[in-house]
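Read the structure below first, then the notes.
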Amino acid sequence: MNTKSPIVPPCSACREGDALDFEFSMAFQPIVDLRDNSIFAYEALVRGCDGSGAAAILGKVNEQNRYAFDQACRVKAVELASRLKIPCFVSINFLPNAVYQAATCIRATLEAARRFGFPTERLIFEITENEELVDKEHLKSIIREYRLKGFKTAIDDFGAGYSGLNLLAEFQPDIIKLDMALVRSICTDPVRQAIVQGILGVCKALNIEVIAEGVETNAELQQLLTLGINFYQGYLFAKPEYETLPNVAWPTPTIG
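Positions 1 to 256 (full-length UniProt numbering) are the ones given, in order, by the sequence shown.
Dropping the structure here:
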C-alpha cells in the first residue's frame with residue numbers, strides 16, 4: 001500500500017507545543033475472535049517505563065504537551081508492534097483534541113510505519129466516548145483522513161458517556177467497543193441485555209463490528225455469545241503485559 005503523504009507545512013502545535021519531559025512505554029492486550037479462536041488485534045496501552053499503570057503517565061499530560069504525547073504514543077506503539085512482530089491489527093488510542101490538522105498530524109504515524117516496516121492497513125485508531133469533543137466536524141475530518149490512509153477507526157468505551165448514539169449519527173467508525181460497565185454482570189441483568197441487543201441491531205444495520213471489552217467471567221461471556229458478539233477483550237482471556245504479547249486463555253465452549 002502506498003503510504004506516502006503529501007508535503008504539508010507544520011501547524012502551530014508542531015512549532016509551539018512543549019516537548020515531553022517524561023518517558024513511557026506500552027503494554028499489549030489481545031482482542032480475540034471466538035468464531036475461530038484467533039487474535040484479531042492487540043491494543044497498545046500506555047505504561048510507565050517500570051511497567052506501572054497508565055494513570056501516572058496520563059496525569060502528566062497537559063494542554064502544552066498533549067500534541068507531543070499523542071504523537072509519541074503512535075510512534076511507540078508502531079515501534080513495539082514491529083519489534084514484537086505482531087501479525088494482526090494494532091489498536092492505538094488517540095486524542096482528537098491533540099489533532100490540529102489531520103493531514104499534518106498523521107505524518108509521524110506514517111513515517112514510523114515506514115521506518116519500522118509495519119503495514120498501515122493493520123492500524124486501528126480508537127477514540128474514547130469519554131473524550132471531550134470540541135468540534136464534531138473536526139473529528140469527522142480526522143476520520144475521513146484516517147480512512148484515506150487505510151486506517152480503521154473505533155469508538156472506545158461506547159455506552160459510557162451520554163453521546164454514544166449521537167456520535168454514530170455523526171460518523172460511522174469501523175468498530176465500536178462496548179464499555180465494560182455494560183458488560184459487567186450482563187448475565188444477570190435484563191436491562192443491560194436489552195441495551196446491548198439494541199446496540200448490536202444498530203451496528204449490524206450500519207455494518208459496524210462490535211467488541212465487548214472488560215469481560216471477566218465465563219457467565220458474562222456466555223451471555224454475550226448468546227447475543228451474537230464475536231470479538232472480545234478482557235482479563236478472562238489475558239491481562240495486558242508490558243512490552244510483550246500475553247498468552248491467551250481460550251475459554252470453552254466457544255462458537256461452533
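Ideal Cβ positions, reconstructed from N, Cα and C, are used throughout, including at glycine.
Keep in mind it's a predicted model, so treat the numbers as computed, not measured.
_the segment 241-253 in contact with the segment 31-44 per 3-pair CB rule at 8 angstroms_ = Enough Cβ pairs lie closer than 8 angstroms, so yes.
_Own chain residues within Cβ distance below 7 angstroms of G234, not counting five before or after_ = Counting only Cβ-Cβ distances below 7 angstroms, and skipping sequence neighbours, we find E213, G214, V215, E216.
_Am I right that K149 and L110 are in contact with their C-beta atoms under 8 angstroms? What's the rounded C-beta distance?_
Indeed, because the Cβ distance is near 7 angstroms, the residues count as touching under 8 angstroms.
*Rounded to a whole number of angstroms, what is the C-alpha to C-alpha distance between I7 and L178?*
A caution first: I7 carries a pLDDT of 39, below 50, which makes its placement in the model too unreliable to give a value.
*In the segment 102-159, which residue ranges form an unbroken alpha helix (DSSP H) of at least 4 residues, counting only runs that do not cross its ends?*
For the segment 102-159, whole alpha helix (DSSP H) runs of length 4 or above, ordered along the chain, are 102-105, 107-116, 136-148.
*When the distance is taken between beta carbons, is I57 closer than 8 angstroms to G51?*
Against a cut-off of 8 angstroms, the Cβ pair of I57 and G51 comes out as no contact.
*In this structure, does DSSP put L20 in helix, strand or coil?*
In the structure shown, L20 falls within a coil segment according to DSSP collapsed to helix, strand and coil.
*What do you reckon, are the CB atoms on V210 and I176 nearer than 8 angstroms?*
In this structure, V210 places its C-beta atom within 8 angstroms of the C-beta atom of I176.
_According to DSSP, is Y232 part of a helix, a strand, or is it coil?_
Reduced to three states, the DSSP call for Y232 is strand.
_Euclidean distance between Cα positions of F231 and A41_ = Using only the alpha carbons, I get a separation of about 10 angstroms.
_By the three-class DSSP mapping on this structure, what secondary structure does D33 have?_
Strand.
_Three-state class that DSSP yields for S82 in the structure shown_ = It is helical.
*By Cβ distance, which residues of its chain are closer than 7 angstroms to E241, with the 5 residues on each side in sequence left out?*
A27, F28.
*asked:* Checking 8 angstroms against the spacing of the C-beta atoms, do E79 and A108 come in under that value?
replied: At least 8 angstroms separates the beta-carbon of E79 from that of A108.
*Should E43 and S82 be called a contact, given that it needs their Cβ atoms to be closer than 8 angstroms?*
No, these two residues do not count as a Cβ contact at 8 angstroms.
*asked:* What does the Cβ neighbour count give for T252, buried or exposed, with the cut at 16 atoms within 10 Å?
replied: Exposed: under 16 other Cβ atoms inside 10 Å.
*asked:* Once the 5 residues before and after Q197 are set aside, which same chain residues still bring their CB inside 7 angstroms of it?
replied: Sequence-distant partners of Q197 (beyond 5 residues in either direction) whose C-beta falls short of 7 angstroms from its own C-beta, in its chain, are L227.
_Per DSSP, cross-strand counterpart(s) of A169_ = According to DSSP, which records beta bridges pairwise, A169 is partnered with nothing at all.
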